[in-house]
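In what follows, a single structure is set out as structure tokens and then discussed.
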Amino acid sequence: MSAFKFCPRCATPLETGAVDDGPPRRRCPAPGCGFVHWDNPVPVVAAIVEHEGDIILARNAMWPPKMFALITGFLEKDDPHPESGVLREVEEELGLQGKVAEFVGHYPFERMNQVIIAYHVVATGEIKLGAELVEYRRVPPAQLRPWPAATGLALRDWMLRRGLEPQPYENEALRSIRDFHPIDLTLATAGQPTAEQFFAVRAGGYQTVINLLPETSPSAIPDERAAVAAQGLRYHHIPVEWEAPAKADFERFCQVMEAERGRRVFVHCAANKRVSAFVFLYRVLKQGVPPLRAQEDILRIWQPDAVWTRFIEERLGDAA
Ligand SMILES: [Zn+2]
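Start counting at 1 in the sequence shown, then tack on 459, and there's your number in the numbering used here.
So this is what it looks like as structure tokens:
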């Protein structure tokens with residue numbers, strides 16, 4: 460991911476190779492130079508800005524329309540503490556005087572090679588957008604819809620601590636996927652995406668794809684594994700026969716879900732029917748979600764037929 464082609468010290472073209480038994484890095488081969496581009500993550504401060512009871516989300520001039528996020532910025536060399544850095548950003552970008560109310564947490568932002576250090580900042584004054592921002596939005600805390608990555612995860616945690624229930628994240632590209640139905644901030648379900656739609660899956664913040672559709676299904680796409688890998692997503696294929704779902708399939712699904720815990724998972728089949736049943740069972744049996752609540756999500760997709768009703772009852776029976 461490095462942007463360096465030449466050594467910034469001696470202008471020799473950089474090479475890629477291991478340094479001290481570590482992972483491959485861009486390094487300078489010139490004798491006596493020794494430059495290594497370590498590419499360590501960069502700390503970024505983020506503010507959940509509360510102003511007159513609302514949360515202020517802002518849109519950067521470089522971003523697409525409708526994309527609003529927290530106030531973020533890099534630390535300056537002479538910032539004595541990340542807290543003063545985040546207050547400086549709030550003042551520069553919104554023209555507000557802020558006070559740190561709470562440290563929310565730190566969050567990896569792998570795609571940008573950053574570590575987000577997030578704070579809740581209570582701010583006063585009149586909003587005046589800085590040069591980088593073009594628009595802002597006031598959102599009452601209960602109506603926030605955190606996006607499933609980086610600063611959105613900070614917002615989710617902040618809401619949960621206040622007893623607010625974050626709404627599942629959706630956008631137009633995700634909604635255009637057949638039978639897309641997000642369950643919560645870490646789990647979404649759907650029917651078969653096209654190869655191109657896996658871009659939207661990645662852009663929506665998902666990290667892992669689980670496919671329950673057999674390759675022989677007429678709805679399957681050719682070489683899904685490659686389409687998913689092209690987006691840098693993790694992939695698990697657990698083919699489930701429509702007419703004969705097996706206990707072993709569900710057990711394998713549970714193992715994969717367990718192994719992927721902490722990642723944001725996108726599960727699909729052809730029309731979200733197999734998936735809605737598997738996810739219902741997983742939520743009830745492994746996550747302790749009340750059956751009536753988990754049932755709402757299955758019924759939004761379909762009313763399970765005789766084969767699948769029996770399959771669901773048998774798995775609930777196994778656990779009883
Ligand atoms: Zn060099």
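Virtual Cβ for every residue (Gly too), placed ideally from N, Cα, C.
Would the C-beta of residue 679 count as close to ligand 1, meaning under 6 Å from any of its heavy atoms? no
Burial state of residue 756 (16 or more Cβ within 10 Å): buried
Within its chain, find whatever has a CB closer than 7 Å to the CB of residue 729; leave out the 5 residues flanking it on each side and keep chain order. 650, 651, 672, 676, 678
For the alpha helix (DSSP H) containing residue 562, list its first residue and its last residue. First-last for residue 562: 556–568, but that is the beta strand (DSSP E), not the alpha helix (DSSP H).
Nearest CA to the CA of residue 657: which residue from 694, 567, 710, 621? 694
Please return the same chain residues whose Cβ sits closer than 7 Å to the Cβ of residue 683, not counting the five positions on each side in sequence. 670
Just checking residue 468 against ligand 1 - is the residue's beta carbon closer than 6 Å to any of the ligand's heavy atoms? yes
Here's the rule I'm using: 16 or more other beta-carbon atoms within 10 Å means buried, otherwise exposed. How should residue 778 be labelled? exposed
Say whether the region 750–764 touches the region 716–725, bearing in mind that this needs 3 or more beta-carbon pairs closer than 8 Å, one atom from each stretch. no
Pair within 7 Å by beta-carbon distance, residue 648 and residue 726: yes
Give every residue of the same chain whose Cβ lies closer than 6 Å to the Cβ of residue 646, excluding the five residues on either side of it in the sequence, and list them in chain order. Within the same chain, residue 646 has close Cβ partners 724.
Own chain, CB closer than 7 Å to residue 734, minus 5 neighbours either side, in chain order: Once the five neighbours on either side are set aside, the close Cβ partners of residue 734 are 648, 671, 726, 727, 728.
Using only CA atoms, which one of 542, 613, 591 lies nearest to residue 519? 591
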